[in-house]
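Residue 1 is where the sequence shown starts when you use UniProt numbering, and the numbers rise one by one after that. Written below as structure tokens is the structure these notes are about.
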Amino acid sequence: VLPPSNLTTKTQIWKELAAAVYQSSTEFGAMMPPVEQGEGTETAHKPEQEEKVAAAQESEPGLRGEFEGAAAATMKPWEQHAGVISLPRYDYKAPSSLLHHSHSGFFITCSIKREKSATKEVMSILDKSVGIGNNGNPNDVVEALAPDVTSKRRKVSEDENLTVEVKNQGSVEEKGEVSEVTPPVLSKKEITEDKASVLSLVKLIKSGLILLIFPREASFDTVDAVSKTFLDIESGCLKPPIWCHRIFPIQATCSLNEKDLHAVVKKLVLDFLHNKQHKTAQPLKFAVGYNRRGMEEQKIFARDNMKDSEVVSMLDRDKCFRVVASAVKETIPDSAIDLKCPDISVLVELLPLSGVPDGSLIAAVSVLPQNLTSTKPRLCVKPLVSEGKGKKGKS
Numbered sequence: 001v002l003p004p005s006n007l008t009t010k011t012q013i014w015k016e017l018a019a020a021v022y023q024s025s026t027e028f029g030a031m032m033p034p035v036e037q038g039e040g041t042e043t044a045h046k047p048e049q050e051e052k053v054a055a056a057q058e059s060e061p062g063l064r065g066e067f068e069g070a071a072a073a074t075m076k077p078w079e080q081h082a083g084v085i086s087l088p089r090y091d092y093k094a095p096s097s098l099l100h101h102s103h104s105g106f107f108i109t110c111s112i113k114r115e116k117s118a119t120k121e122v123m124s125i126l127d128k129s130v131g132i133g134n135n136g137n138p139n140d141v142v143e144a145l146a147p148d149v150t151s152k153r154r155k156v157s158e159d160e161n162l163t164v165e166v167k168n169q170g171s172v173e174e175k176g177e178v179s180e181v182t183p184p185v186l187s188k189k190e191i192t193e194d195k196a197s198v199l200s201l202v203k204l205i206k207s208g209l210i211l212l213i214f215p216r217e218a219s220f221d222t223v224d225a226v227s228k229t230f231l232d233i234e235s236g237c238l239k240p241p242i243w244c245h246r247i248f249p250i251q252a253t254c255s256l257n258e259k260d261l262h263a264v265v266k267k268l269v270l271d272f273l274h275n276k277q278h279k280t281a282q283p284l285k286f287a288v289g290y291n292r293r294g295m296e297e298q299k300i301f302a303r304d305n306m307k308d309s310e311v312v313s314m315l316d317r318d319k320c321f322r323v324v325a326s327a328v329k330e331t332i333p334d335s336a337i338d339l340k341c342p343d344i345s346v347l348v349e350l351l352p353l354s355g356v357p358d359g360s361l362i363a364a365v366s367v368l369p370q371n372l373t374s375t376k377p378r379l380c381v382k383p384l385v386s387e388g389k390g391k392k393g394k395s
């Protein structure tokens with residue numbers, strides 16, 4: 001079947017030829033009797049028009065993009081979005097878990113109303129960081145981060161193998177063969193899905209923020225992951241992000257009260273000192289940063305509605321500074337405060353969680369080395385791209 005001669009443009013010829021191929025192959029398939037599938041079945045009845053389409057595609061590769069673009073235009077917006085961007089769904093059990101358990105993870109700032117683009121971007125960035133380590137074996141990475149994920153998958157696979165073995169037991173006994181159940185090997189697609197399921201996306205009540213957390217059983221060095229991200233961007237191995245501004249590595253979370261915050265800070269400072277990678281001078285200089293992320297607006301509301309006066313007092317910046325500083329001083333008696341050039345920075349971030357009871361405040365805490373923080377204009381995590389080069393919104 002050849003296209004009519006009145007078609008002049010290449011795009012029209014391509015579309016007409018593709019439609020003719022589809023119609024011819026459909027009519028030809030209806031006339032042929034059913035054929036058993038076997039080797040070579042797919043190419044045995046390949047229409048001649050398909051060869052012409054393939055030849056036209058190779059000679060004019062641009063036509064394929066135009067044809068696919070026209071087909072994509074007929075898709076619904078959500079179908080196009082799902083086909084291009086794979087986003088994790090919100091984990092609505094995560095806020096409850098954060099209320100009762102400590103989690104590690106990442107707290108990301110991004111351009112307002114660009115949260116979906118930033119989530120896709122940060123998942124790609126973190127996939128590179130998560131994939132590094134454990135000798136580069138992705139199966140070991142998934143097993144180390146979330147052992148329940150792979151154990152459940154392996155259990156289901158073993159049950160399926162046992163079911164098949166029971167069904168074929170009669171034929172196996174007749175042949176005198178013994179079948180063994182071998183543990184399944186995760187494919188690349190399954191590994192990617194497992195990595196995506198390791199990080200939970202938590203819904204927040206503030207715009208321009210993204211929260212990703214690991215399961216509470218997982219043990220992962222989030223500070224090292226962010227450090228590697230900076231090195232990859234500086235070396236050119238990783239393209240500078242467009243939508244993500246800062247990635248705050250969360251080492252632990254706790255309820256915003258004096259007792260829990262004091263205990264978490266002491267533990268993280270001790271972990272920092274025991275880490276041989278960090279070399280600090282004596283006496284150790286430290287600084288404290290407290291970011292309420294707009295929760296100071298809730299402070300006025302909290303005074304009238306919160307029964308717990310301790311939670312209300314911890315919303316005060318000076319009170320939080322005193323609690324954190326006392327925890328550092330108890331751990332390192334000869335330490336001193338230095339806001340200009342600290343050796344370590346203890347950062348506390350209030351998490352604006354959605355779906356938590358009124359009066360429940362959760363803080364993310366980290367003890368960061370000097371290379372991950374900046375002191376001007378205020379103490380915070382360094383931006384992924386210097387502010388002079390940033391183009392998409394504020395950082």
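Heads up, the beta-carbon is just placed ideally off N, CA and C, and yes, glycines get one too. If you're wondering where the values come from, they're calculated on a predicted model, not measured in any experiment.
Checklist entry - How big is the Cα-Cα spacing for residue 386 and residue 243? => result 13 Å
Checklist entry - Any idea which residues DSSP pairs residue 253 with across the strands? => result 364
Checklist entry - Do the segment 235-249 and the segment 104-111 meet, that is, are 3 or more Cβ pairs less than 8 Å apart? => result In this structure the segment 235-249 lies against the segment 104-111, because at least three pairs of beta carbons, one per stretch, are closer than 8 Å.
Checklist entry - Quick one: is residue 381 buried, meaning 16 or more other Cβ sit within 10 Å of its Cβ, or exposed? => result buried
Checklist entry - Near residue 267, which residues of its chain fall below 8 Å by C-beta distance, leaving aside the five closest residues on each side in sequence? => result 252
Checklist entry - Does the segment 217-235 come close enough to the segment 335-343 to have 3 or more Cβ pairs within less than 8 Å? => result no
Next on the checklist: What ranges does the alpha helix (DSSP H) occupy inside the UniProt domain "THUMP" (257-351), keeping only unbroken runs of at least 4 residues that lie completely in it?
Outcome noted: 258-274, 296-305, 309-314 and 317-331
Item to check | Whole-angstrom C-beta distance between residue 261 and residue 325, which should lie under 8 Å | outcome: The pair is not a contact, with the Cβ atoms about 11 Å apart (cut-off 8 Å).
Item to check | Local conformation of residue 87 per DSSP, three classes | outcome: coil
Item to check | Buried/exposed call for residue 341, threshold 16 Cβ in 10 Å | outcome: exposed
Checklist entry - With DSSP run on the structure shown, which of helix, strand or coil describes residue 375? => result Residue 375 falls in the coil class under three-state DSSP.
Checklist entry - If you compare alpha carbons, which of 370, 375 and 351 is closest to residue 104? => result Among 370, 375 and 351, the Cα nearest to that of residue 104 belongs to 351.
Checklist entry - Helix or strand or just coil, what does DSSP make of residue 369? => result It is a strand residue.
Checklist entry - Taking Cβ positions, are residue 328 and residue 265 nearer each other than 9 Å? => result yes
Checklist entry - In whole angstroms, what is the alpha-carbon distance linking residue 374 and residue 99? => result 30 Å
Checklist entry - How about residue 331 and residue 238: are their beta carbons less than 9 Å apart? => result no
Checklist entry - With C-beta atoms as the reference, is residue 361 less than 9 Å away from residue 289? => result No, the Cβ-Cβ distance between residue 361 and residue 289 is not below 9 Å.
Item to check | Contact under 9 Å by Cβ, residue 126 with residue 212 | outcome: yes
Checklist entry - Considering only C-alpha positions, which residue in the set 91, 21 and 96 is nearest to residue 357? => result 96
Checklist entry - What residue from 121, 88 and 317 has the CA that sits closest to residue 256's CA? => result Per the Cα distances, 317.
Next on the checklist: So for residue 385, helix, strand or coil by DSSP?
Outcome noted: Residue state, collapsed to three classes: coil.
Checklist entry - Looking at the unbroken beta strand (DSSP E) that takes in residue 211, where does it start and where does it end? => result 209-213
Checklist entry - Out of curiosity, what's the CA-to-CA distance linking residue 312 and residue 319? => result 10 Å
Item to check | Nearest-angstrom Cβ-Cβ length linking residue 353 and residue 223, presumed shorter than 8 Å | outcome: Actually they are not in contact, since the Cβ atoms of residue 353 and residue 223 sit about 22 Å apart, beyond 8 Å.
Next on the checklist: Please tell me whether residue 241 and residue 384 are closer than 9 Å, where the distance is taken between their beta carbons.
Outcome noted: yes
Checklist entry - Can you tell me whether DSSP reads residue 39 as helix, strand or coil? => result Residue placement at residue 39 is flagged as unreliable, the pLDDT there being 44, under the threshold of 50; the coordinate-derived value follows with that caveat. If DSSP states are grouped into helix, strand and coil, residue 39 belongs with coil.
Item to check | Rounded separation between residue 283 and residue 270 - CA only | outcome: Inter-residue distance for residue 283 and residue 270 is about 15 Å (C-alpha atoms, whole angstroms).
Checklist entry - Relative to the C-alpha of residue 286, which residue among 233, 19 and 345 is closest? => result 345
Checklist entry - Within 10 angstroms of its Cβ, does residue 215 collect 16 or more other Cβ (buried), or is it exposed? => result buried
Next on the checklist: Which of the three DSSP states is assigned to residue 204 in this structure?
Outcome noted: strand
Checklist entry - Considering residue 108, what are the terminal residues of the beta strand (DSSP E) in which it resides? => result 105-110
Next on the checklist: Considering only the alpha carbon of each residue, which of 250, 114 and 234 lies closest to residue 349?
Outcome noted: 250
Next on the checklist: In the DSSP output, what is residue 237 paired with across the bridge?
Outcome noted: Beta-bridge pairing links residue 237 to no other residue.
Checklist entry - Which residues mark the beginning and the end of the alpha helix (DSSP H) in which residue 219 is found? => result Run containing residue 219: none; DSSP gives neither H nor E here.
Checklist entry - Just reading off the alpha helix (DSSP H) that residue 100 is part of, what are its end residues? => result 94-100
Item to check | Simplified DSSP assignment, three categories, for residue 199 | outcome: coil
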